[in-house]
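Participant: In terms of my numbering, the sequence shown opens at residue 1077 and continues consecutively.
Note that beta-carbon positions come from the ideal geometry of N, C-alpha and C, so glycine has one too.
Here it is, the structure, as structure tokens.
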Amino acid sequence: MTNSFEYRGGAFFCEDVELRTIADQAGTPCYVYSSSAILSRYREYVNGLEGVPHRVCYAVKANGNLGILRLLAEAGAGFDIVSGGELYRVLQAGGDPARIVFSGVGKTREEIEYALAQGIHSFNCESEAEISLISSLAVRLGKTASVAVRVNPDVDASTHPYISTGLKEHKFGIDIAEVEGVYARAAGLPGISLDGVSCHIGSQLLDPAPLVEAAQKLLGLVARLRAKGIRITQLDLGGGIGVPYRCGDPRPDVGAFLQAVKKLVAGSELFLMFEPGRSIVAEAGALIARVLYRKRSGDKEFIIVDASMTELIRPALYEAHHEILPLRQSSFGNVKADVVGPVCESGDFLAEDREVANVLPGDMIAAMTCGAYGFVMASNYNSRPRPCEVLVEGAGWRIIRQRESLQDLIRGE
Ligand SMILES: *Cc1c(COP(=O)(O)O)cnc(C)c1O
């Protein structure tokens, strides 16, 4: 947890706003984000890369709210997108198309045309067929598209299997053992400038060693491609480092990791890019919920709250751990309980068998470290309107996305 969230006199604050005030006025469930936490994490990357030509492209998929995108666009960030929808969001938020990298394993013709028309910085491609398609669409539009091949470096990222992407058996990228042939065949295609090498080996990496190993392998590849006359000028090392989800866990040191990478690329005359998502926004966000009921069933104690897997699916999907903290500290001690939502699924829990504050109906809790892959994965399952989102700036706060209404639920039907 960053110090953007802290207790002051027993009340839980985000920056200089008491969270209870937000919950009372905006309602629950509700996502709350700290703008200073977001900006300080972004600046850690920018400062860490000082001295080498670079761009930090925030991975929009972690949290695509326009308010957050605008904050980062104003700070000078680039953006990593994985769909036409994310491109639309970035443009609406005032993001500079010339700083956008388009990643993803299956871009459609319409998405590629949209991105070409907007003049994005580059495409990270994951198959030969896609490179050919980009080439022919660019020729037709009279454009030259900068293209990097996403290389699968066959590095074990040792993270949760659902968010590990850098092993041979994964669908992502092109095997490093085969990629030189792909570069050789694609180098002559019209309409593209094949000038980049990219990778992304997985998310929530707490140990930077596999990232450094991937960088080493990619630099070897760059040297071999250059020796064959392919002018590689850009190296994109993918997503960012992991974050501590458990209270007291150490936070991986972004600065030290970037220092190690800078040492490797020194003298290579490469424009260096990163696409961090989670590490920029995860710790900046909390999901606020109200306790509805308490119940005991056999030996088990349940805390039933008004947030569920439809607001935060990470515990069900990745067995993720989110600290649960009360908005007001009390003298009622702790209780071992499951914190569950109202959705008709046994997988609907925010915490299982957890020692948490002994909160009572009407009390509020915060599920911490929810700023990344939280709201963006929210659904309307069980016809639950998606929650509102709030951005805190110092002593001020505003709603950056309204809570959905019942009418919103049936729009388009
Ligand atoms: C998901 C993803 C990212 C962001 O990863 P984080 O772990 O959130 O930093 C970056 N690049 C690509 C290609 C991705 O798929």
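(1) Note the first and the last residue of the continuous alpha helix (DSSP H) segment covering Y1394.
(2) Rounded to whole angstroms, what is the Cα-Cα separation between D1484 and G1140?
(3) According to DSSP, simplified to helix, strand and coil, what is M1077?
(4) Taking the continuous alpha helix (DSSP H) assigned at K1339, which residues delimit it?
(5) Between Y1259 and V1215, what straight-line distance do the alpha-carbon atoms span, to the nearest angstrom?
(6) Enumerated in chain order, which unbroken segments of the beta strand (DSSP E) with a length of 3 residues or greater are wholly contained in the stretch 1094-1138?
(7) Taking the alpha carbon of A1342 as the reference point, which residue from H1130, N1079, G1085 has its own alpha carbon closest?
(8) Leaving out the 5 sequence neighbours to the left and right, which residues in its chain are closer than 6 Å to S1274 when beta-carbon positions are compared?
(9) What did DSSP end up calling M1453 once you bin it into helix, strand or coil?
(10) Any heavy atom of ligand 1 closer than 6 Å to the beta-carbon of P1352?
(11) I'd like to know whether the C-beta atoms of G1318 and L1282 end up nearer to each other than 7 Å.
(12) Going by alpha carbons, who is nearest to S1211 out of A1253, D1232, G1264, Y1164?
(13) In whole angstroms, give me the CA-to-CA distance for K1491 and S1269.
(14) Whole-angstrom Cβ separation of P1173 and D1382, contact assumed at under 8 Å?
(15) Suppose the cutoff is 6 Å on Cβ atoms and the five residues either side in sequence are ignored; what does the same chain contact list for S1110 look like?
(16) Assuming Q1310 is part of the beta strand (DSSP E), what are its boundary residues?
(17) With DSSP as the reference, label G1374 as helix, strand or coil.
(18) Taking DSSP as the reference, what is the three-state secondary structure of L1061?
(19) Jot down the residue ranges of each uninterrupted alpha helix (DSSP H) in the stretch 1413-1488, minimum 4 residues, whole runs only, in chain order.
(20) Using CA coordinates, which residue listed in L1192, D1439, R1300 is at the minimum distance from G1103?
Facilitator: Quick look at the numbers:
(1) Looking at the DSSP string, the run of the alpha helix (DSSP H) that includes Y1394 is 1390-1394.
(2) Approximately 19 Å, taken between the alpha carbons.
(3) For M1077, the predicted model reports a pLDDT of 44, less than 50, meaning its position is unreliable and no value from the coordinates is stated.
(4) For K1339, the uninterrupted alpha helix (DSSP H) run begins and ends at 1330-1341, by DSSP.
(5) The C-alpha of Y1259 lies about 19 Å from the C-alpha of V1215.
(6) Qualifying beta strand (DSSP E) stretches, in chain order: 1106-1110, 1130-1135.
(7) Per the Cα distances, H1130.
(8) Within the same chain, and ignoring the five residues on either side of S1274 in sequence, the residues whose Cβ sits closer than 6 Å to its Cβ are N1200, A1224, R1226, D1312.
(9) For M1453, the three-state secondary structure derived from DSSP is helix.
(10) Relative to the non-hydrogen atoms of ligand 1, the Cβ of P1352 comes within a distance shorter than 6 Å of at least one.
(11) By the CB criterion at 7 Å, G1318 and L1282 fall inside the cutoff.
(12) Among A1253, D1232, G1264, Y1164, the Cα nearest to that of S1211 belongs to G1264.
(13) Absent from the structure is residue 1491, since the part of the chain shown begins at 1077 and ends at 1489.
(14) The Cβ separation is near 40 Å, so there is no contact.
(15) Once the five neighbours on either side are set aside, the close Cβ partners of S1110 are S1080, C1090, E1091, A1360, V1468.
(16) 1310-1312 is the extent of the beta strand (DSSP E) around Q1310.
(17) DSSP, reduced to helix, strand and coil, places G1374 outside both helices and strands of the structure shown, so it counts as coil.
(18) Nothing in the structure corresponds to residue 1061, since the chain is present only between 1077 and 1489.
(19) You should have 1482-1486.
(20) It is D1439.
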